[in-house]
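J.: One structure, as structure tokens, below. Some questions next.
In this note's numbering, the protein residues as written are 107 to 405.
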């Protein structure tokens, strides 16, 4: 009988077999994270410079995300992961970028993407700060204002936004999308997806909170469409083996101020997210915003 892991599984999870988990590269990513990645801001999770300690639910997430097929190749090419605020999203995405920078293929092209320039820089700055705090990383990786470079492999990392990006010369190996729900349209996402076509094992990972179901044009947003596809996948209603989906959310039938609902939606609840913080947010935040950002429910 398998040991029950706190805050795992999420409300929705795409299928990954036992053998695919056993052969997962997620174990190597976990080792990398806890050996070479450091906390970049003082918080409940620790102080600046402390080594990153992944929670059990984060480890399970990585084991499932990096599952391998029988042929030894990665199972997933695209991923949508939904977690509410204050769950370590930026640190997790930065860790995945760093692992690719250091241990990925030769000549890799890595990008972190967001709706605007400021949001796009969040992951970039976190990666840069992690490098500055860890001598082993700083000895290998070269950091500049807008680019991080691994001279040993020729791999480069840049941040892109929907406000300013070029379609020229992209041949991506790893793409990290921050807050996919904020994308004004699907242009940047489609561009980055197409840019991976010539790579053997590319991966696009989007980690986001929920948002509004419809974009500015009145159509269903890209992220909400992907969410619906992921729910179908997790229920076995459709098949899409290359798409990984994991989504934490509250129960729409429960009161949004119910502590059981907070616990259900937030894998960090009782750890780096306190009940006092949630109580305060529930009193000060408009209901619709609280539901999207704290309960990860679409409005």
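Where is the CB? At the ideal position from N, CA and C, for every residue including glycine.
Remember, it's a predicted structure, so these values are computed and weren't measured experimentally.
Is there contact between the stretch 243-255 and the stretch 303-312, where contact requires at least three CB pairs shorter than 8 Å?
T.: Not touching, per the Cβ criterion.
J.: Beta-carbon within less than 7 Å of residue 211's beta-carbon, same chain only, minus the 5 sequence neighbours each way: which residues are those?
T.: These residues qualify, in order along the chain: 279.
J.: Label residue 394 either buried or exposed according to how many other C-beta atoms from any shown protein chain fall within 10 Å of its C-beta, with 16 as the threshold for buried.
T.: Classification of residue 394: exposed, given that the 10 Å Cβ count is below 16.
J.: Can you have a look at residue 218 and say buried or exposed, based on whether 16 or more other CB atoms are within 10 angstroms of its CB?
T.: Flag for residue 218 reads buried.
J.: As a quick exercise: from 362, 377 and 132, pick the residue whose alpha carbon is nearest that of residue 404.
T.: When each option's Cα is compared against that of residue 404, the closest is 362.
J.: From which residue to which residue does the alpha helix (DSSP H) around residue 394 run?
T.: Taken as a continuous stretch (DSSP letters only), the alpha helix (DSSP H) holding residue 394 covers 393-399.
J.: Shortest alpha-carbon distance to residue 184 belongs to which of 301, 262, 380 and 255?
T.: Selected option, being the one with the closest Cα: 301.
J.: Please state whether DSSP places residue 219 in a helix, a strand or coil.
T.: Residue state, collapsed to three classes: strand.
J.: Just confirm the distance between the C-beta atoms of residue 120 and residue 378, as a whole number of angstroms; I'd bet it's less than 8 Å.
T.: Not quite, the Cβ-Cβ distance comes to about 26 Å (not below 8 Å), so this is no contact.
J.: For the beta strand (DSSP E) that residue 267 lies in, which residues bound it at each end?
T.: Residues 261-267.
J.: Using the Cβ count rule (16 or more neighbours within 10 Å means buried), how would you classify residue 253?
T.: Counting Cβ neighbours within 10 Å, residue 253 comes out exposed, since fewer than 16 surround it.
J.: Per the DSSP calculation, residue 353 is bridged to which residue(s)?
T.: Bridge partners of residue 353: 118 and 188.
J.: Given that a residue counts as buried once 16 or more other Cβ atoms are within 10 Å of its Cβ, and exposed if not, what is residue 414?
T.: Residue 414 cannot be examined here, being either before or after the span of the chain that is shown, 107 to 405.
J.: Might you give, ordered along the chain, the residues of its own chain that have their beta carbon closer than 7 Å to the beta carbon of residue 195, omitting 5 neighbours on each side?
T.: Only 189 and 313 meet the Cβ criterion.
J.: Considering Cα atoms alone, identify which of 299, 170 and 288 is closest to residue 125.
T.: The shortest C-alpha separation from residue 125 is found at 170.
J.: Considering only DSSP beta bridges, list what residue 326 is partnered with.
T.: Residue 326 pairs with 320.
J.: Could you say which of 402, 173 and 197 lies nearest to residue 161 if we only look at CA atoms?
T.: It is 197 whose Cα lies nearest to the Cα of residue 161.
J.: Do residue 283 and residue 118 come within 8 Å of each other at the CB atom, strictly closer than that value?
T.: No, these two residues do not count as a Cβ contact at 8 Å.
J.: Just reading off the beta strand (DSSP E) that residue 281 is part of, what are its end residues?
T.: 280-284 is the extent of the beta strand (DSSP E) around residue 281.
J.: DSSP on residue 172, reduced to helix/strand/coil?
T.: Residue 172: coil per DSSP, three-state reduction.
J.: Quick one: using the 10 Å Cβ neighbour count with 16 as the cut-off for buried, is residue 234 buried or exposed?
T.: Buried is the call here.
J.: Using the rule of at least 16 other Cβ atoms within 10 Å of the residue's Cβ for burial, across every protein chain shown, is residue 206 buried or exposed?
T.: The residue is buried, with at least 16 neighbouring Cβ atoms inside 10 Å.
J.: Ignoring anything shorter than 3 residues or poking outside the stretch 330-380, list the beta strand (DSSP E) runs there in chain order.
T.: Listed in chain order, they are 349-353.
J.: What do you reckon, is the C-beta of residue 252 under 7 Å from a heavy atom of the ligand MN?
T.: What this structure holds is no ligand at all, so the ligand MN is not there to describe.
J.: Sorted by chain position, which residues of the same chain lie with C-beta nearer than 8 Å to residue 327's C-beta, five sequence neighbours on each side aside?
T.: Cβ within range, chain order: 287, 289, 317, 318, 319, 320 and 321.
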